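Visitor: Starting off with a structure, shown below.
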Amino acid sequence: MKVTIPEALGYSVLGFSIVFLMLIILMGIIVVMGKVLNKKEEPVKAAAPAPAPAAPAVPKEKAPGSAGSIDLHGVDPRKAAMLMAIVADELGKPVNELRFVSIREIEA
Amino acid sequence: MTLILDTMSSIWANSGFSGLFADPRQLIMIIAACVLLYLGIVKKFEPLLLVGIAFGMLLTNLPYSNLYHPELWDGIMSHTKGYGDVLVEGGFLDILYIGVKAGLYPSLIFMGVGAMTDFGPLIANPKSLLLGAAAQMGIYCAFILAIVLGFTGPQAASIGIIGGADGPTAILLTSKLAPELLGAIAIAAYSYMALIPMIQPPLMRLLTTKEERETKMDQLRTVTKTERIVFPIVVAAFVILLLPDTAPLIGCLMLGNLFKECGVTERLSDTAQNALMNIVTIFLGMSVGATTVAERFLTWSTIKIVVLGLIAFSFSTIGGLLLGKIMYKVTGGKVNPLIGSAGVSAVPMAARVSQMEGQKANPSNFLLMHAMGPNVAGVIGSAVAAGFLLTIFG
């Protein structure tokens, strides 16, 4: 099947447009799907009984030498907790046996 | 004495060595197979597929091996032969090749890909789909150039799909539209996919400013389990209804993903990701390699395909980056344009390249999960592009 250059241009514009159109529609479907499903799950969450009080993040009895507080510079507590968990995991030691003095975000 | 000489002469005439010297092109292909084996084993260029392809290439070019008969497949294309004839007259690799011709292997590989893919970043940021669409630009650029260079429509479509950076899709489309080019296209596609860390970064640096590359993106929202389960069902139904020719690829991709996400089919997910994927990869690699028969592979067309493949990859990267830049401007600098280049499928290599380039510009930049969105969107985008080309030329 021989195709001329103008035909090839036409097919290309059409093909590229179809890919865009399909994925734009799919994007719309995913957005709607997310809204509908998340809306449905919200009342369930609200109706659910209050969760049991979470275990304290810091162990009651600290290992000797562990610090009571950490200085955070440009890092929120959630990220700090993640970083400490990663370091502990990498070292293969419990978090309460490690001493974190400060965490600072390095600005490039 | 004459008897001994006659016997020796007969042994020589029937041995592959005599055939080797009769047609030096086969020797060239054997050397090419060894080079590909070197690239796969030593340089680790997509070794899981390239080693199988290269070995298939070696086997098919050993004279008198009778493993693969291209004339049999010409008969199938012209409807003078059927698959039954392949079973009776064909060699070992002919029989394996039925799975390529029937579109079985690429689809089963897609099932494994689906079972290994996390669509969470795409669901969390559906705008990624736009980048996945833009990064299909190379398909159409290469298609036009292939027409200019004198290829037929189906051949040009098969060459263009290399720009989708998606091996199974390229193999499926080529086996349907231009099986005579399958070996060259598969080798070009997988070689360039392996070379993505070398092809993309210069283009990424050329087309983006340092300020753009330094952009940090907000953390993605959490995707619920229900969304993850509903996603493959909705996507499969929607895409296949619109473009029925994408059914084998999208159907298997989404079924594999459903196995992974539904939480009750761990064994099936594990099989799709590992055992099935490995078995099919062996069959696919060997049978695709078998199509690189010297007299059909060593042509100017192969060289043109290799060049057009590189152009296709480059333009796909450029397409993704340009839309990334537009999104950067429109969102007031919230989108890092580097994630656009991940829109070429090649999961997860292209996303890793975005991450590396982003981190080079700003060491505290973590783009991997943001880049995975366009990356998996590219898989859907290239399947849609292939479906369109199949509809037109199939």
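Those protein sequences? They're chains A and B, same order as listed. Per my numbering, the first sequence starts with residue 1, numbered consecutively. Per my numbering, the second sequence starts with residue 1001, numbered consecutively. The beta-carbon is built from N, C-alpha and C at its ideal position, and this holds for glycine as well. Computed from a predicted structure; not experimentally measured.
Quick one: grab the DSSP three-state call for residue 1341 of chain B.
Guide: helix
Visitor: Taking 8 Å as the CB-CB limit, is residue 82 of chain A close to chain B?
Guide: no
Visitor: Is residue 1374 of chain B close to chain A, meaning its C-beta is less than 8 Å from at least one C-beta of that chain?
Guide: no
Visitor: Checking contacts by CB at 8 Å: is residue 1147 of chain B closer than that to chain A?
Guide: Residue 1147 of chain B counts as touching chain A.
Visitor: Helix, strand or coil, according to DSSP, for residue 1370 of chain B in the structure here?
Guide: In the three-state reduction of the DSSP assignment, residue 1370 of chain B falls in the helix class, which pools H, G and I.
Visitor: Look up residue 102 of chain A in the DSSP assignment and give the residues it is bridged to.
Guide: A/71
Visitor: Checking contacts by CB at 8 Å: is residue 1175 of chain B closer than that to chain D?
Guide: Going by chain labels, chain D is absent from the structure shown, which instead holds the protein chains A and B.
Visitor: For residue 1199 of chain B, which residues from the same chain have a beta carbon less than 8 Å from its beta carbon, with the 5 sequence-adjacent residues on both sides left out?
Guide: 1192, 1310, 1313, 1314, 1317
Visitor: Assuming residue 1039 of chain B and residue 1050 of chain B make a contact with CB atoms under 8 Å, what is their CB distance in whole Å?
Guide: 6 Å
Visitor: Which one of B/1302, B/1227, B/1347, B/1329 has the shortest CA to CA distance from residue 35 of chain A?
Guide: B/1227
Visitor: Report the start-end ranges of each alpha helix (DSSP H) in the stretch 1092-1142 of chain B that is 4 residues or longer and not cut off at the edges.
Guide: 1092-1101, 1104-1116, 1120-1124, 1128-1134
Visitor: List, in chain order, every chain A residue whose beta-carbon is nearer than 7 Å to that of residue 1179 of chain B.
Guide: Per Cβ cutoff of 7 Å: no residues; residue 1179 of chain B is ~15 Å from chain A at best.
Visitor: If contacts are defined as beta-carbon pairs under 8 Å, then residue 1115 of chain B and residue 1010 of chain B qualify, I think. What distance do you get, rounded to the angstrom?
Guide: Rounded, the Cβ-Cβ distance is 54 Å, inconsistent with contact.
Visitor: Taking only beta-carbon atoms, is residue 1388 of chain B less than 8 Å away from chain A?
Guide: yes
Visitor: Answer yes if the stretch 19-28 of chain A comes into contact with the stretch 1210-1230 of chain B, meaning at least three C-beta pairs across the two stretches below 8 Å, and no otherwise.
Guide: They do not touch, by the three-pair rule.
Visitor: Would you say residue 135 of chain A reaches chain B, if we count a Cβ-Cβ gap shorter than 8 Å as a contact?
Guide: Given a span of 1 to 108 for chain A in the structure shown, any question on residue 135 of chain A remains unanswerable.
Visitor: For residue 62 of chain A, does the count of other Cβ atoms within 10 angstroms reach 16, so buried, or fall short, so exposed?
Guide: Confidence at residue 62 of chain A is low in this model, with a pLDDT of 44, below 50, so its placement is unreliable and no value can be given for it.
Visitor: Alpha carbon to alpha carbon, how far is residue 1351 of chain B from residue 1370 of chain B? Give it in angstroms, no decimals.
Guide: 8 Å
Visitor: So, helix, strand or coil for residue 66 of chain A, using DSSP?
Guide: Note that residue 66 of chain A scores 43 on pLDDT, short of 50, meaning its location in the model is unreliable and no value can be drawn from it.
Visitor: Using a Cβ cut-off of 7 Å, pull out every chain A residue sitting near residue 1126 of chain B, in sequence order please.
Guide: 27, 30, 31
Visitor: What residue range is occupied by the uninterrupted alpha helix (DSSP H) comprising residue 1162 of chain B?
Guide: Element bounds for residue 1162 of chain B: n/a, residue is neither H nor E.
Visitor: Which chain A residues sit within Cβ distance under 9 Å of residue 1204 of chain B?
Guide: Proximity of chain A to residue 1204 of chain B at the Cβ level (cut-off 9 Å) is not reached, the minimal Cβ distance being about 18 Å.
Visitor: Excluding the 5 residues flanking residue 1292 of chain B on each side, which residues of the same chain have their C-beta closer than 6 Å to its C-beta?
Guide: 1057, 1183
Visitor: In terms of residue numbering, what span does the alpha helix (DSSP H) encompassing residue 1330 of chain B cover?
Guide: First-last of the alpha helix (DSSP H) with residue 1330 of chain B: 1300-1330.
Visitor: Report the residue from B/1394, B/1387, B/1381 whose alpha carbon sits nearest the alpha carbon of residue 25 of chain A.
Guide: With respect to the C-alpha of residue 25 of chain A, the residue from B/1394, B/1387, B/1381 having the closest C-alpha is B/1381.
Visitor: Output yes or no for whether 8 Å exceeds the beta carbon distance between residue 16 of chain A and residue 1349 of chain B.
Guide: no
Visitor: Taking the alpha carbon of residue 1250 of chain B as the reference point, which residue from B/1103, B/1134, B/1325 has its own alpha carbon closest?
Guide: In this structure, B/1103 is the residue among B/1103, B/1134, B/1325 with its C-alpha nearest to the C-alpha of residue 1250 of chain B.
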